[in-house]
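First the structure, in the form of structure tokens, and then the observations on it.
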Amino acid sequence: MLVVAALGGNALLRRGEPLTARAQRANVATAAAALVQIIEAGHQLVVTHGNGPQIGLLALQGAAYKPDEVFPLDVLGAETDGMIGYMIEQALENALGHDRPVATLLTQVEVDPKDPAFARPTKFIGPVYDRAEADRLAEARGWSIAADGSHWRRVVPSPMPMDIPDLRVLQLLLAQDVTLICAGGGGIPVVRRPDGSLIGIEAVIDKDHATALLAHKLNADALLLLTDVEAVYRDFGTDSQAAIGQVSPEDAVRLDLPDGSMAPKVAAAATFVSDRARFASVGRLEDALAMLEGRAGTMIANT
């Protein structure tokens, strides 16, 4: 099978951990150990990943420059994709004993410049702050901020992905049985100009929706959305919460799920599955192979 697996933020940095290379390397090594099981089971693998904390850190570093010298979010996204992709690539190569090709590809993802998301920033990036500090930074730097649990974070536009201009390159690499790391952080956001050329735009695309589009475009057999929760739950956080073993895409989108975490994952998974003979699964990173085999996580599939 061709499997597309999306690594949630926990694969790179757990909440409360320092944003250091050492912490990220340790977490990436753990992720690689789980992902390698999929490859060793005989499947082709494409890996995507988040970049919220990392792109937020680069944006903070950019605040040291003059306003007209700050790099835009599309460029910062490309920088994080190179950094994180390098770490995942190296960890997978080490786990595989360097006997299989692994490659990272910076991936442009096209969005609509008229997407209403540009007027309503919702994507969290960067570290968490208390309300007073968040308000101060928003005033000083022109940020939009929003509550993230009991803390506050910067939010930026998150338009829906429309197309993947680099798809042919990905297909060429897969034809050579290369394990791919691509579309990091939802891909590098670009828009198409009237003359057909592409240009970057200030945004961060949702990783799960971009991954679902990628999996669809590659005609993948399975989509794994890997996080730190063992399954999708009904009535999550209550005394009556219950894990969902399997659900149809139609019923999945009707579930009452948290907007900022599980809802977009399930919506992306349902879009990928649609009415086709393929499936998606949401669950813990360490259960990746078990999810693929239907032994763990929440499977979204047509019955």
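If you want my numbering, it's the position in the sequence shown, counting the first as 1, plus 1112.
Just so it is clear, CB atoms sit at the ideal spot from N, CA and C, and this is done for glycine as well.
For clarity, every value in this text was computed on a predicted model and none was experimentally measured.
Any 3 or more C-beta pairs closer than 8 Å across the segment 1137-1148 and the segment 1356-1369 | no
Within the segment 1341-1412, ranges of the alpha helix (DSSP H) (whole runs, at least 4 residues) | 1361-1364, 1374-1385, 1400-1404
Got a sec: is the Cβ-Cβ distance from ALA1246 to anything in chain D below 8 Å?
-> Given the protein chain composition of this structure (a single chain), no chain D is represented.
Is the distance from the Cβ of ILE1313 to the Cβ of ARG1305 below 8 Å?
-> Position 201 of the sequence shown holds residue 1313. Position 193 of the sequence shown holds residue 1305. Taking 8 Å as the Cβ cut-off, ILE1313 and ARG1305 do not qualify as a contacting pair.
Distance, Cα to Cα, ILE1300 vs VAL1316?
-> Residue 1300 sits at position 188 when you count from the first residue of the sequence shown. Residue 1316 sits at position 204 when you count from the first residue of the sequence shown. Spanning the two alpha carbons is a distance of roughly 8 Å.
Would you mind giving the Cβ-Cβ distance between PHE1236 and VAL1267, rounded to the nearest angstrom? I have them listed as a contact below 8 Å.
-> Here residue 1236 refers to the residue found at position 124 when the sequence shown is read from its first residue. Here residue 1267 refers to the residue found at position 155 when the sequence shown is read from its first residue. Their Cβ separation, rounded to whole angstroms, is 6 Å, which keeps PHE1236 and VAL1267 in contact under 8 Å.
Which value, in whole angstroms, describes the spacing of the CA atoms of ALA1171 and GLU1181?
-> As a first step, residue 1171 must be located in the sequence shown, where it is residue number 59. As a first step, residue 1181 must be located in the sequence shown, where it is residue number 69. Those two C-alpha atoms are separated by around 12 Å.
Beta-carbon separation of LEU1336 and ALA1400 under 8 Å?
-> Within the sequence shown, the letter at position 224 stands for residue 1336. Within the sequence shown, the letter at position 288 stands for residue 1400. Yes, Cβ-Cβ distance for LEU1336 and ALA1400 is below 8 Å.
Count the other C-beta atoms from every protein chain shown that fall within 10 angstroms of the C-beta of HIS1321, then say buried if there are 16 or more, exposed otherwise.
-> Here the question's residue 1321 lines up with position 209 in the sequence shown. So HIS1321 ends up on the buried side.
Where does ARG1232 fall in DSSP's three states?
-> In the sequence shown, the residue the question calls residue 1232 occupies position 120. Reduced to three states, the DSSP call for ARG1232 is coil.
Figure out for me which residue from GLY1298, ALA1392, VAL1303 has the closest Cα to the Cα of VAL1344.
-> The count along the sequence shown starts at 1 and reaches residue 1344 at position 232. Comparing Cα positions, the closest option is ALA1392.
Which value, in whole angstroms, describes the spacing of the CA atoms of ARG1366 and THR1415?
-> The count along the sequence shown starts at 1 and reaches residue 1366 at position 254. The count along the sequence shown starts at 1 and reaches residue 1415 at position 303. C-alpha of ARG1366 to C-alpha of THR1415: approximately 16 Å in a straight line.
How is HIS1161 classed by DSSP in three states: helix, strand or coil?
-> As a position in the sequence shown, residue 1161 is number 49, starting the count at 1. Of the three classes helix, strand and coil, the one that applies to HIS1161 here is strand, per DSSP.
Buried versus exposed, by CB contacts within 10 Å (16 or more), PRO1213 | Position 101 of the sequence shown, counted from the first residue, corresponds to residue 1213. Burial is judged here by how many other beta carbons sit within 10 angstroms of a residue's own beta carbon; PRO1213 has fewer than 16 and is exposed.
Exposed or buried, what is ALA1118 when buried is set at 16 or more other beta-carbons lying within 10 Å of its beta-carbon?
-> By one-based count along the sequence shown, residue 1118 stands at place 6. With 16 or more Cβ atoms within 10 Å of its Cβ, ALA1118 is classed as buried.
Name the DSSP bridge partner or partners of THR1339?
-> Here the question's residue 1339 lines up with position 227 in the sequence shown. DSSP, once it has assigned bridges, lists ARG1396 as partnering THR1339.
Can the beta-carbon of ILE1151 be found closer than 8 Å to that of THR1291?
-> The sequence position of residue 1151 within the sequence shown is 39, counting from 1. The sequence position of residue 1291 within the sequence shown is 179, counting from 1. Cβ atoms of ILE1151 and THR1291: closer than 8 Å.
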